[in-house]
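Protein chains in written order, with my numbering: chain A, 28 to 371; chain B, 143 to 458; chain C, 9 to 291. C-beta: ideal position from N, C-alpha, C; glycine also. Here the structure comes first, spelled out in structure tokens, and everything after it is commentary.
This is the structure in structure tokens:
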């Protein structure tokens with residue numbers, strides 16, 4: 028059990044600043060997600076924590092010790108790769124036993140440990156198979172077993188679910204979270220999928236351009252985004268962001284943008300004229316694409332109506348929609364950072 | 143085919159020609175045969191036919207000047223097998239091929255692994271390392287002939303300058319029995335090393351990078367990483383490179399011909415060079431063919447081994 | 009355990025570069041030596057006590073003059089080029105369609121055939137050269153360069169077929185299918201779409217064929233005895249030696265000129281060779 032800390036960590040490849048000054052402190056036993064689009068630096072950061080890359084500057088501490096000079100095997104970490112990186116020429120048993128042998132665990136103890144690790148994931152019946160004979164889901168579990176068998180202090184995962192079918196992904200996500208809660212190892216998880224991040228993370232570090240834009244719980248990064256990037260990245264469909272004034276942007280989420288009469292509760296509402304252009308029926312929700320009129324003319328926005336709203340809406344017609352005042356988020360036009368609310 | 147407009151009958155016949163050709167150019171089965179046919183035909187004629195002839199000659203009394211082929215049974219083989227020259231050549235061939243090929247594989251693996259990392263000037267290094275393989279064999283070997291010359295060898299001169307040998311103790315690299323074999327093996331290794339390295343390098347670069355990372359995270363030491371992860375993963379390619387090289391070493395005669403002509407006293411004579419001297423220089427085609435045929439069993443073994451490797455690779 | 013990581017890395021790096029340096033020296037030294045010897049006066053060369061690494065007497069172009077004007081070297085180069093170009097032509101004519109057929113159009117037996125063709129590359133000239141010499145004599149091609157043109161494709165075709173098969177396999181079928189929908193026949197798609205895209209692979213096959221032709225020794229030695237018809241590979245070792253006296257300067261010049269420029273050209277195509285080879289060999 029250990030915490031991971033990075034202090035002003037930078038990684039430069041020639042001209043490119045892949046990681047540009049990241050300060051991060053995990054909490055013991057927490058599931059921390061590094062979320063961001065491809066190229067944001069999340070995988071590079073993970074690899075630096077693992078010791079597979081050397082930072083250009085800054086420090087990394089694991090369990091309070093500076094680990095700069097330590098190779099991966101001395102850091103008490105375990106890693107699961109996106110491709111699982113199972114050794115193709117070894118059986119499942121040998122794959123899982125490999126790290127134990129590499130660390131000099133006595134031969135007699137190895138089968139017991141392997142058994143324990145495979146039992147955790149229910150793959151005990153696959154021990155004699157080779158990776159090419161396994162399904163995607165089975166391979167993922169073998170990769171996890173191989174990582175866990177060393178009883179590491181920190182668990183690093185690099186998009187381990189992205190190679191699975193969509194259906195499998197949900198159940199795998201569930202199992203992964205249950206497993207982490209049970210074992211309680213500090214885990215750092217990299218993904219570009221915001222649904223995965225929200226579902227799995229105790230806290231999420233949203234990254235862009237080599238920096239952490241916001242670090243917080245799912246509720247915090249979703250409900251109180253720190254800048255326009257975070258606001259736009261989380262949520263599907265993304266937050267509607269319109270120009271409010273010469274120096275100010277205002278945003279509101281599609282699920283808060285509802286017909287006036289549907290809003291419940293007593294909070295103040297801001298009415299917005301909405302001309303619908305197109306309706307998408309998605310089963311559980313309907314998405315209405317259109318433009319605002321009056322206050323923010325020609326601003327393209329999306330409204331998300333749950334199926335519980337039975338009223339019909341047609342393209343071409345104008346409706347009175349509204350957003351609760353407290354759900355309006357204001358951002359500075361030039362920096363994109365969150366600013367204080369103002370009158371609209 | 144003139145088109146008679148009155149009855150219109152010949153029209154279909156006129157169209158049958160090009161239509162048949164067109165369908166031929168489209169049909170997967172026939173097009174395949176047509177496209178591969180010429181190459182197969184050529185190979186059967188130019189490789190298969192002489193091969194059959196080689197067997198025929200070995201069982202006959204053919205010479206350079208003879209007009210006919212008379213069957214003499216196993217006479218050539220018996221004649222040849224009994225001679226000390228042949229037995230020495232046979233032994234030399236195995237020694238030469240096996241020692242050379244083992245050296246090539248070991249050194250090739252070392253060099254390939256060293257070349258995996260990027261470094262400045264790598265393109266130049268690659269060019270220089272390839273030179274022995276690309277240069278015409280005889281010409282590169284003559285270069286060595288000059289370097290190893292008994293009177294003017296630069297190696298001897300350098301060794302004397304370094305104080306390791308005396309002025310009258312200059313080594314006859316190509317004139318003394320065991321030394322000559324060593325030199326010949328060394329030069330053959332020099333020539334084949336680039337090819338083996340290139341092939342092994344290709345295999346090494348095809349290992350996904352993730353696997354190396356995983357092994358690092360798992361804590362494998364350098365030795366364990368090399369022998370339990372890297373090398374097992376390139377085993378199929380090592381086998382291919384090894385088999386190739388073995389065939390080249392077993393059947394080569396150029397290096398020996400240029401450097402020592404088989405001497406001194408047949409200590410570097412191998413089957414291929416002996417076949418040449420007997421068959422072409424001395425004109426006894428039949429005996430030469432018989433000697434050369436002894437190369438065949440090894441080729442067969444290699445072919446079978448290769449097919450086995452190929453089949454196993456397909457199954458994975 | 010107290011070795012600082014920077015020092016450990018530096019020594020590892022030094023060892024790594026040293027190892028590579030050794031191999032490079034081993035491989036390239038003979039050619040370097042050829043180059044130096046080319047410009048040395050024979051009187052300088054044949055003095056045992058002279059330091060061979062420096063020019064004890066001033067460098068000379070005499071060896072080159074002798075090579076180009078007093079020997080048949082230039083003619084041999086021409087002969088080699090003649091054979092090379094013709095063999096390339098024949099090889100491409102037969103190997104390009106064959107490689108394509110193996111990559112695309114055949115099924116189970118096609119794979120066996122592919123391996124079979126590849127294996128014929130391994131049949132050595134030292135096994136076939138004796139019956140071949142007789143055949144060549146019977147055909148009346150003894151001492152003619154045409155004998156080489158006839159026989160050389162026996163190893164260039166298997167090799168190039170295998171190489172090109174690898175290249176063709178890497179081209180997505182979609183392209184040909186699009187061409188067929190556009191109105192071409194299968195063969196037309198091959199000519200109009202596949203070949204232009206594979207130009208790099210075909211160029212590689214050409215370079216490799218040329219180097220194989222330049223290197224070949226056994227057949228050339230066996231079939232041709234008239235000095236004026238030699239190729240470079242045979243002419244230099246057999247003719248430039250007069251009795252016991254070796255004209256080392258000219259000899260080395262001849263070796264260098266016929267080796268190094270080709271190698272430089274070859275170097276540009278090695279990467280493609282590797283990819284073609286590994287795709288073909290290991291699937």
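Query                                                                                                                                      : Result
Contact set between residue 259 of chain C and chain B, taken where Cβ atoms lie within less than 8 Å                                      : 284, 288
DSSP state of residue 238 of chain C mapped onto helix, strand, coil                                                                       : coil
Short Cβ contact (8 Å threshold) for residue 144 of chain A with residue 172 of chain A                                                    : yes
Residues of the segment 63-75 of chain A with Cβ closer than 9 Å to any Cβ of chain E, in chain order                                      : Here chain E cannot be found, since the structure's protein chains are A, B and C.
Simplified DSSP state of residue 366 of chain A, which is helix, strand or coil                                                            : strand
Close beta carbons around residue 264 of chain C, own chain, < 8 Å, minus the five adjacent residues each side                             : 39, 42, 43, 46
DSSP-derived helix/strand/coil call for residue 229 of chain A                                                                             : coil
For residue 153 of chain C, the residue or residues it bridges with in DSSP                                                                : Residue 153 of chain C is not bridged to any residue.
Length of the line joining the Cα atoms of residue 276 of chain A and residue 72 of chain A                                                : 31 Å
Euclidean distance between Cα positions of residue 98 of chain C and residue 105 of chain C                                                : 12 Å
Cα-Cα separation, residue 241 of chain B to residue 41 of chain A                                                                          : 46 Å
Presumed contact (8 Å Cβ cut-off) between residue 352 of chain B and residue 108 of chain A, rounded CB distance                           : 5 Å
Residues within the segment 373-393 of chain B neighbouring chain C, beta-carbon criterion of under 9 Å                                    : 378, 379, 382, 385, 386, 389, 390, 392, 393
4 or more residues per run - each alpha helix (DSSP H) lying fully within the segment 175-263 of chain C                                   : 181-189, 194-197, 207-223, 226-231, 240-247
Within chain B, the residues that residue 104 of chain A reaches when beta carbons sit closer than 9 Å                                     : 359
Listed by chain order, chain B residues near residue 125 of chain A by CB distance under 7 Å                                               : 360
Contacts that residue 99 of chain A makes with chain B (C-beta to C-beta distance below 7 Å)                                               : 358, 359
Touching by the beta-carbon criterion (3+ pairs, under 8 Å), the segment 353-363 of chain B and the segment 416-430 of chain B             : no
Identity of the residues DSSP links to residue 84 of chain A by a beta bridge                                                              : A:37
Span separating the alpha-carbon of residue 206 of chain A from that of residue 198 of chain A                                             : 12 Å
Sub-8 Å separation of residue 64 of chain C and residue 153 of chain C beta-carbons                                                        : no
Partners in chain A for residue 260 of chain B, counting only beta-carbon separations shorter than 8 Å                                     : Within chain A, no residue comes near residue 260 of chain B; the closest Cβ sits about 13 Å away, beyond 8 Å.
8 Å contact criterion, which residue 16 of chain C and residue 294 of chain B should meet: CB distance rounded                             : Their Cβ separation, rounded to whole angstroms, is 45 Å, which puts residue 16 of chain C and residue 294 of chain B out of contact at 8 Å.
Residue closest to residue 400 of chain B, alpha-carbon to alpha-carbon, out of B:180, B:407, B:288, B:298                                 : B:288
Cut-off 6 Å between Cβ atoms - residues of its own chain near residue 49 of chain C, not counting five sequence neighbours on either side  : 65, 68
Cutoff 8 Å: residue 366 of chain B Cβ touching any chain A Cβ                                                                              : yes
Residues of its chain near residue 153 of chain B, where Cβ-Cβ distance is below 6 Å and the 5 sequence neighbours each way are ignored    : Below a pLDDT of 50, predicted positions are generally treated as unreliable, and residue 153 of chain B, at 42, falls in that range; the measurement from the model is reported next regardless. Nothing meets the Cβ criterion.
DSSP state of residue 121 of chain A mapped onto helix, strand, coil                                                                       : helix
Proximal residues of chain B, C-beta to C-beta of residue 116 of chain A below 7 Å                                                         : 374, 375
C-alpha gap between residue 374 of chain A and residue 257 of chain A, whole angstroms                                                     : Residue 374 of chain A falls outside the range modelled here, since chain A spans only 28 to 371, and no answer is possible.
Residue from A:62, A:76, A:43, A:58 with nearest C-alpha to residue 262 of chain A                                                         : A:62
Cβ pair count under 8 Å reaching 3, the segment 310-325 of chain B against the segment 405-418 of chain B                                  : yes
Under 7 Å (Cβ pairs) to chain C, residues found in the segment 262-282 of chain B                                                          : 267, 268, 269, 270, 271, 272, 273, 274, 276, 277, 278, 279, 280, 281, 282
Cut-off 7 Å between Cβ atoms - residues of its own chain near residue 144 of chain C, not counting five sequence neighbours on either side : 150, 155, 231
Integer Cβ distance of residue 185 of chain B from residue 109 of chain C, believed to fall under 8 Å                                      : No, residue 185 of chain B and residue 109 of chain C are not in contact; Cβ-Cβ is about 14 Å, not under 8 Å.
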